[in-house]
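Residue numbers (my numbering): 252 to 605. For glycine and all other residues, C-beta sits at the position ideal for the given N, C-alpha and C. Here the structure comes first, spelled out in structure tokens, and everything after it is commentary.
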């Protein structure tokens, strides 16, 4: 027979043990790290001496290390902290196809690994990389535009995308026309926005919205980045080279366009767009700094109709006069060739004008 006092002691011990077990119980971490490889893009042709790798690794309890290897061989480099970048020597490898594997580890051993194919070898003319054009319709008073633009900027603000991406933001008159960036550029912004949205009636247009090389990709910044990543692996139909010369009151932009394949379109347009970065301005949403803002389009929003012959380089000249309220040191020229009927962009290029 258990006496009452003993019963109470046993009950207290039981409760205490149960409480202690509950307090000490910790759910295991089963979440693997998030990993994105920015460079090289799948199928990229790289140099013959080194491979520059740009990536992003994130984990809720922290990344302990990221291992990199080539052709599933031994670890060629290990990165422990941001900036997430590595330069791998590849001189000893044969020219031709290879693979890069990046493996991110967290503190309890969860691992995420991704493999990207690449080609080692000198780049030939027909292997000119694609420069992707992303056009974004936005507004400084559009509430959802602010987080979308910030997400896009964070995802593309790295060395790889600065070399492979050209972005143009058209400020719109909706949801309201008080946006001064719209007022300063409306001569070119309105017809271009109407062209991008067509055949959707402009009365049904909304912001934010984006087009990647002429294809509509909607209002999600995550979708914008996914679409441009996919587009990077598609070989371009032509190459565009840009150079600039100073002139009184502005500069001269020299454009060379050379088709790499037969261009089967009767309405090919060459567009030249001046953009400006780091514009400090607010019109009601959370944005106080604006990037890649369209300032003007030369000769106009419709572009210049051109014809191209395979293997023959065509040359064009644009005279750029800087408006008094532009900051030249923050301005760039974006040039692209587009099939006006299908909206497909064949290639883009970008050059700083400072």
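Apply the 10 Å Cβ neighbour rule to residue 427 and answer buried if 16 or more other Cβ atoms are within range, or exposed otherwise. The residue given as residue 427 occupies position 176 in the chain shown. Classification of residue 427: exposed, given that the 10 Å Cβ count is below 16.
For residue 599, count neighbouring C-beta atoms within 10 Å of its own C-beta (all shown protein chains included) and say buried if the count is 16 or more, exposed if not. The residue labelled residue 599 in the question sits at position 348 within the chain shown. So residue 599 counts as buried.
Return the first residue and the last residue of the beta strand (DSSP E) that residue 370 is part of. On the chain shown, position 119 is the one that residue 370 refers to. Here the beta strand (DSSP E) through residue 370 covers 362 to 371.
Are residue 384 and residue 544 close, meaning C-beta to C-beta below 8 Å? In the chain shown, counting from the first residue as 1, residue 384 sits at position 133. In the chain shown, counting from the first residue as 1, residue 544 sits at position 293. Going by C-beta atoms, residue 384 is not nearer than 8 Å to residue 544.
Within this structure, are the beta carbons of residue 417 and residue 382 separated by less than 8 Å? Locating residue 417 in the chain shown gives position 166, where the first residue counts as 1. Locating residue 382 in the chain shown gives position 131, where the first residue counts as 1. Note that the C-beta distance between residue 417 and residue 382 is below 8 Å.
Limits of the beta strand (DSSP E) - the one that residue 315 falls within: For the purposes of this step, residue 315 is taken as the residue at position 64 of the chain shown. Its beta strand (DSSP E) spans residues 314 to 321.
With distance defined between alpha-carbon atoms, name the residue in 510, 461, 370, 346 nearest to residue 396. Along the chain shown, one-based indexing puts residue 396 at 145. The shortest Cα separation from residue 396 among 510, 461, 370, 346 belongs to 461.
Close beta carbons around residue 527, own chain, < 7 Å, minus the five adjacent residues each side: In the chain shown, residue 527 corresponds to position 276, counting from 1. Excluding sequence positions up to five before and after residue 527, its CB lies within less than 7 Å of the CB of 544, 546, 577, 578, 581, 582, all in the same chain and listed in chain order.
Distance CB(residue 429)-CB(residue 392) smaller than 8 Å: As a working note, residue 429 is residue 178 in the chain shown. As a working note, residue 392 is residue 141 in the chain shown. Taking 8 Å as the cut-off, the Cβ atoms of residue 429 and residue 392 count as close.
Just verifying my parser: in three-state terms, what is the DSSP assignment at residue 396? If you number the chain shown from 1, residue 396 lands on position 145. Residue 396 falls in the helix class under three-state DSSP.
State yes or no: is the C-beta of residue 478 within less than 8 Å of the C-beta of residue 463? What you label residue 478 is simply residue 227 of the chain shown in a count that begins at 1. What you label residue 463 is simply residue 212 of the chain shown in a count that begins at 1. Closer than 8 Å, so yes.
Inter-residue spacing [alpha-carbon to alpha-carbon] between residue 486 and residue 449: Residue mapping note: residue 486 aligns to position 235 of the chain shown, counting from 1. Residue mapping note: residue 449 aligns to position 198 of the chain shown, counting from 1. Cα to Cα, residue 486 sits roughly 27 Å from residue 449.
I'd like to know whether the C-beta atoms of residue 584 and residue 571 end up nearer to each other than 8 Å. Translated into the one-based positions of the chain shown, residue 584 becomes position 333. Translated into the one-based positions of the chain shown, residue 571 becomes position 320. Yes; because the gap between Cβ atoms is below 8 Å, this pair is in contact.
Can you tell me the Cβ-Cβ gap for residue 357 and residue 310, rounded? I've got them flagged as a contact below 8 Å. The residue labelled residue 357 in the question sits at position 106 within the chain shown. The residue labelled residue 310 in the question sits at position 59 within the chain shown. A Cβ-Cβ distance of about 4 Å is found for the pair residue 357 and residue 310, placing them in contact under the 8 Å criterion.
8 Å CB neighbourhood of residue 605 in its chain, flanking five on each side removed: Here residue 605 refers to the residue found at position 354 when the chain shown is read from its first residue. Cβ contact annotation for residue 605 (same chain, cutoff 8 Å, sequence separation greater than five): 579, 580, 581, 582, in chain order.
Please give me, in chain order, every unbroken run of the beta strand (DSSP E) with length at least 3 that falls completely inside the region 461 to 502. Taking only runs of at least 3 residues, the beta strand (DSSP E) segments lying wholly in the region 461 to 502 are 466 to 469, 489 to 498.
So, is residue 405 buried or exposed, given that buried needs 16 or more other C-beta atoms within 10 angstroms? As a working mapping, residue 405 is identified with position 154 in the chain shown. Classified as exposed, residue 405 has fewer than 16 neighbouring CB atoms from the shown chains inside 10 Å of its CB.
In the DSSP assignment, find the unbroken alpha helix (DSSP H) run with residue 348 in it and report its ends. Along the chain shown, read from residue 1 onward, the residue named residue 348 stands at position 97. In the DSSP assignment, residue 348 falls outside any alpha helix (DSSP H) and lies within the beta strand (DSSP E) extending over 347 to 357.
Pairing CB atoms from the region 511 to 522 with CB atoms from the region 530 to 541, are three or more of them under 8 Å? The region 511 to 522 makes no contact with the region 530 to 541: fewer than 3 CB pairs, one atom from each, lie closer than 8 Å.
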